[in-house]
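Protein chains in written order, with this note's numbering: chain A, 146 to 363; chain B, 146 to 363.
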DNA sequence: ATGTAGGCATACTACTGAGTATGATGTTTT
DNA sequence: AAAACATCATACTCAGTAGTATGCCTACAT
């Protein structure tokens, strides 16, 4: 029956997600190479058999994590793009949202740091290279969203961005750096997270605002 | 003879540095785990025997790279601290210098990204944990230099830094992000590098300057 | 010239960990 | 109910790699 088939599919996807999540946690803790499939299985209270039933290889798991991580980012930022607000405000909201995503989906985001470039050189099969290129393209597209808003702010006059590529790198660097030092603490309130995200975002974006008295210099 | 002994010591240190450098290049390309000792030896046009003659283990090599990377950073920044200049200017020079170090010593800096935390959990022996703690302390000390200058700027009035810990993270994140995307190109001029370092540094630090008209708001 | 020690290559060992083969158990289909 | 299938556990294989054992060779000391 069709509904049964769909239920089975749901179940399958859920199990895959569960494995991905466990893997992300392991990768966050010990890095990609040092975590074994057995580690992931242990995190699931299961054995290798279960993992290999849903994924062909460790690389496939990493790719799935990466895709998921990018989806988290897009989902957080895209609604803001549809709002009709000044570019500086949009950029501020996007950056804040990105910071939140970094903290909320820490295992995923941390797992993929530096992973792509390293994997790219090492991966043997043609299929893997293709997937990697696709993931890199996704990331470029994502960063492109920020650069587009910066360009818009430049033409609007709400932002002053002489080099939007570099400004984008700076913004991403400051926010992505979260995965290096941020640690989830159970007693931490949502307000505290918001403060972190907003402070990081505004620190960069304040540096991109037009000088209030440009004619007064020298 | 003493002079001979010193020469031998020099030679030994040089050989160690050569191995460290080759290892850093390999680590940059393929990551820590994926590079084998044989890879490092091949980069040296040598064999494992040479590597193990100077280092007890792969971890020891990583530790040496890390120490060297931190030394590069300290050496670039400490002279600036001795100059008698306003804190905002000092911070700007320090950040720019840090950016230069990231580009100039890319293999070292890239090798140690995320490496420490991952190694910390995994390392078994007590001695290794001690070395790692020492390296983490070094890094904290280094970042402390920036925070100290920020505090000074705050009291001087040349900077406005409500949360110097977060501001420090933002600054380090934006600059350290260089190792993720910067690639050495032979045709690239020194001027181009300077532009990158200065743009990144000023983007952050401009966001930390006091508002010119704080009384005029709303 | 000859002993001696550092500098390294070669040839191992021992182990880890990715991926596979197989089968046991439950669940859905007919 | 029994056939077919999905979901896993168990028990392997085998390749790759960190680290070691050994010995040659060269340079320096005496």
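For each residue, glycine too, the CB sits at the ideal point set by N, CA and C. As the structure is a computational prediction, the values presented were derived from the model and not from experiment.
Check                                                                                                                                                                                            : Outcome
Quick one, which of B/192, B/339, B/187 has its alpha-carbon nearest residue 239 of chain B's?                                                                                                   : B/339
To the nearest angstrom, how far is the alpha carbon of residue 187 of chain B from that of residue 203 of chain B?                                                                              : 15 Å
What's the C-alpha gap between residue 195 of chain B and residue 255 of chain B?                                                                                                                : 24 Å
Determine the contact status of residue 264 of chain A and residue 169 of chain A, defining contact as a CB-CB distance below 8 Å.                                                               : no
At 4 residues or longer, and completely inside the segment 210-293 of chain A: list those alpha helix (DSSP H) runs for me, N to C.                                                              : 232-249, 251-256, 260-267
How is the alpha helix (DSSP H) around residue 324 of chain A delimited, first residue to last?                                                                                                  : 323-326
So residue 281 of chain A contacts chain B; which residues on that side make the cut at Cβ distance below 7 Å?                                                                                   : The premise fails here: residue 281 of chain A is roughly 11 Å from chain B at the closest Cβ pair, so nothing lies under 7 Å.
So does the segment 227-244 of chain A actually touch the segment 276-283 of chain A, counting three or more Cβ pairs closer than 8 Å?                                                           : no
Using a Cβ-Cβ cut-off of 7 Å (strictly less than) and excluding sequence neighbours within five positions of residue 345 of chain A, which residues of its own chain qualify?                    : 244, 319, 320
Round the Cβ separation of residue 206 of chain A and residue 165 of chain A to the nearest angstrom and send it over; I've been treating them as touching at under 8 Å.                         : 7 Å
In terms of alpha-carbon separation, which member of A/306, A/301, A/280 lies closest to residue 292 of chain A?                                                                                 : A/306
Could you say which of A/213, A/192, A/175, A/179 lies nearest to residue 162 of chain A if we only look at CA atoms?                                                                            : A/213
Quick check on residue 178 of chain A - is its C-beta less than 8 Å from some C-beta in chain B?                                                                                                 : yes
Measuring CA to CA, which of A/192, A/199, A/193, A/175 is closest to residue 156 of chain A?                                                                                                    : A/199
What are the boundary residues of the alpha helix (DSSP H) that includes residue 340 of chain B?                                                                                                 : 335-351
By Cβ distance, which residues of its chain are closer than 6 Å to residue 215 of chain A, with the 5 residues on each side in sequence left out?                                                : 283
Is residue 183 of chain A helix, strand or coil by DSSP?                                                                                                                                         : helix
Run through DSSP, which three-state label would residue 306 of chain B get?                                                                                                                      : coil
How would you write the range of the alpha helix (DSSP H) that residue 193 of chain A sits in, first residue to last?                                                                            : 193-199
Along chain A, in chain order, which residues have C-beta atoms closer than 7 Å to that of residue 250 of chain B?                                                                               : Correct list: empty, because the minimum Cβ distance to chain A is about 17 Å.
Have a look at residue 327 of chain B and residue 248 of chain B and give me their C-alpha separation to the nearest angstrom.                                                                   : 7 Å
So the candidates are B/343, B/354, B/280, B/267; which of them puts its Cα closest to the Cα of residue 303 of chain B?                                                                         : B/354
Residue 356 of chain A by DSSP, collapsed to three states: which one?                                                                                                                            : coil
Should residue 219 of chain B be labelled buried (16 or more other beta-carbon atoms within 10 Å of its own) or exposed?                                                                         : exposed
Label residue 314 of chain A either buried or exposed according to how many other C-beta atoms from any shown protein chain fall within 10 Å of its C-beta, with 16 as the threshold for buried. : buried
Whole angstroms are fine: how far does the CA of residue 222 of chain B sit from the CA of residue 298 of chain B?                                                                               : 17 Å
For residue 245 of chain B, would you say it is in contact with chain A, using Cβ-to-Cβ distances shorter than 8 Å as the test?                                                                  : no
Figure out for me which residue from A/352, A/173, A/271, A/335 has the closest Cα to the Cα of residue 295 of chain A.                                                                          : A/352
Can you list, in chain order, the residues of its chain whose CB lies under 6 Å from that of residue 287 of chain A, leaving out five sequence neighbours each side?                             : 218
Please check if any C-beta of chain A sits within less than 8 Å of the C-beta of residue 211 of chain B.                                                                                         : no
Give me the subset of the segment 328-356 of chain A whose CB atoms are less than 8 Å from a CB atom of chain B, sorted by chain position.                                                       : 341, 344, 345, 347, 348, 349, 350, 351, 352, 353
According to DSSP, simplified to helix, strand and coil, what is residue 314 of chain A?                                                                                                         : helix
Along chain B, which residues have their Cβ under 7 Å away from the Cβ of residue 267 of chain A?                                                                                                : 175, 179
Return the residue from the list B/308, B/301, B/311, B/259 that minimises the CA-CA distance to residue 135 of chain B.                                                                         : Since the first residue of chain B shown is 146 and the last is 363, residue 135 of chain B is not available in this structure.
Should residue 185 of chain B be flagged as near chain A, meaning a C-beta pair shorter than 8 Å?                                                                                                : no
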